[in-house]
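Shown next, in structure tokens, is the structure this report addresses.
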Ligand SMILES: Cc1ncc(COP(=O)(O)O)c(C=O)c1O
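Protein chains in written order, with this note's numbering: chain A, 730 to 853; chain B, 38 to 460.
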């Protein structure tokens, strides 16, 4: 589970900062383990121009959030909405099992909600 | 004195005990299963598994009403389990033992029945900062329904025990009820519930003890404690899931109204009215968890066979050993009473590691076949607001754990440090 790549992303995350001029953001948490994260997006021409995140959590949740910021860049809003757990597993190169998949997909779920709010111009 | 306290002092031969627990000779992730999560639920000895299986194979029948042999046998075994539990915790008789599903349901029953009738607008309800959600939420719900005030006894400076000054101060508000845990499932702290009960009674409060983490691990005598209610779960004391109990003093239970109506809880029913059955049956509507009672009965026999004092002594020894080893590891912080206060500490060790999230710690343990728990342990106010962390890792011991299991945990901590490149 703890491949070098995951540990590296966990210890030196990419794009881990608060984006002050974000078009939208979404905060989510995993009540089981207490992982918390906020995803920020900048959207241009219906494509993710930039994604960043802030948060606190386990290596799986933080490393996958960090990897996702790179994968998401340049993807269209529609493409993001179509992503699922299988894409996350491909991205982190390990199937973390039924419990920890929730850690791994926390950032994707938050990203998708941010995108949804961007599209529909509403917040909950 | 309960049967458990009578049994003579001897060391526990853990290698023999392990043989009674079939699951402990299985593997997890290709490794020998090292089970260190008994605070969540205990494993079951073959004696308990066989008792349940034997009931279904040879005398399965509904209880109370059958006028035939196997129904009488099922009724007798089920009732006997209550006698046994009553004796195990020092209650006067089975009439003070109400079977419920678990500790949570026991506390809810007290809050819904006793609380509903006795707590009014503006009254104070007192709990503590080290409670499990099951001893928080029912009181929050009661307070909300009634417009009562929910107060908390704070922890002391090093967050290892209840703050005595805070207890005194809160008791000055003359709470209607004090609900407090006997042993904390996060800190391991064992509260002096006898002294606490005396103080609360002096202020006229009714006292409920959450015994989920004490009853499985040490001698309990509710009459010595003096408490009014005591809640416990069978599944944490070698018994099956789905059976637990609310002990209540006879007078209190007699004055309380049932919260469920139906079969078994009545003496007679007319078209418009009914009369209630005797204690404890008036609280047990519908067909009971018969296998649960029978399984719990076998669990109590097993515990008595070893002796609760011996169990307690064994757990102190293994816990102290583990704490000594873990205490020498840099970047590892343990919570709860320190090693010089083992008399007020159960076999639960919660810890944090600098640079490794508890979930990752538990995962690395899992890879080695070791079951521990990571999270807020259903005590979010304690873990998040008092300890100030999102989650902690928790090791918990029981009769089937020995120093080898503690060593396995210590080695796994070493592996965590290696994976996360911690100094
Ligand atoms: C201190 C304490 N109280 C209550 C409970 C709730 O027990 P149950 O889930 O069996 O109702 C637990 C279980 O973890 C506990 O540790």
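All residues carry an ideal CB built from backbone N, CA and C; glycine is no exception.
| Asked | Found |
| --- | --- |
| Closest residue to residue 393 of chain B among B/377, B/87, B/385, B/426 (Cα-Cα distance) | B/426 |
| Helix, strand or coil at residue 738 of chain A according to DSSP, with G and I counted as helix | helix |
| Uninterrupted beta strand (DSSP E) stretches inside the stretch 394-448 of chain B (no shorter than 3 residues) | 410-412, 429-433 |
| Proximal chain B residues relative to residue 761 of chain A, where beta-carbon distance stays under 8 Å | 412 |
| CB contact check: residue 443 of chain B to chain A, cutoff 8 Å | no |
| Residue environment, residue 460 of chain B, which counts as buried when at least 16 other CB atoms sit within 10 Å | exposed |
| Neighbour flag for residue 730 of chain A against chain C, beta carbons, 8 Å | In the structure shown, chain C cannot be found, because the protein chains are A and B. |
| Under 8 Å between C-beta atoms of residue 796 of chain A and residue 769 of chain A | no |
| Residue 403 of chain B versus residue 286 of chain B - alpha carbon distance | 43 Å |
| Local conformation of residue 157 of chain B per DSSP, three classes | coil |
| For ligand 1, residues whose Cβ lies under 5 Å from any non-hydrogen atom | B/139, B/140, B/141, B/169, B/171, B/218, B/222, B/247, B/249, B/250, B/270 |
| Cβ-based contacts, 8 Å cut-off: residues of the stretch 755-787 of chain A near chain B | 761, 762, 763, 764, 765, 785, 786, 787 |
| Short CB-CB distance (under 8 Å) between residue 830 of chain A and chain B | no |
| Where residue 165 of chain B sits in the DSSP three-state scheme | strand |
| Partner residues on chain A for residue 394 of chain B, Cβ-Cβ distance less than 7 Å | 786, 787, 788 |
| Residue nearest to residue 60 of chain B in terms of C-alpha spacing, selected from B/365, B/190, B/407 | B/407 |
| Straight-line Cα distance separating residue 160 of chain B from residue 448 of chain B | 51 Å |
| Cβ-Cβ distance between residue 801 of chain A and residue 809 of chain A below 8 Å | yes |
| Own chain partners of residue 83 of chain B with C-beta closer than 7 Å, once the 5 adjacent residues on each side are dropped | 57, 59 |
| Cβ shell of residue 731 of chain A (< 8 Å), same chain only, five flanking positions each side left out | 788 |
| Rounded separation between residue 48 of chain B and residue 385 of chain B - CA only | 20 Å |
| Same chain only: Cβ atoms within 7 Å of residue 465 of chain B, ignoring 5 sequence neighbours per side | The requested residue 465 of chain B is not part of the displayed model; chain B covers only 38 to 460. |
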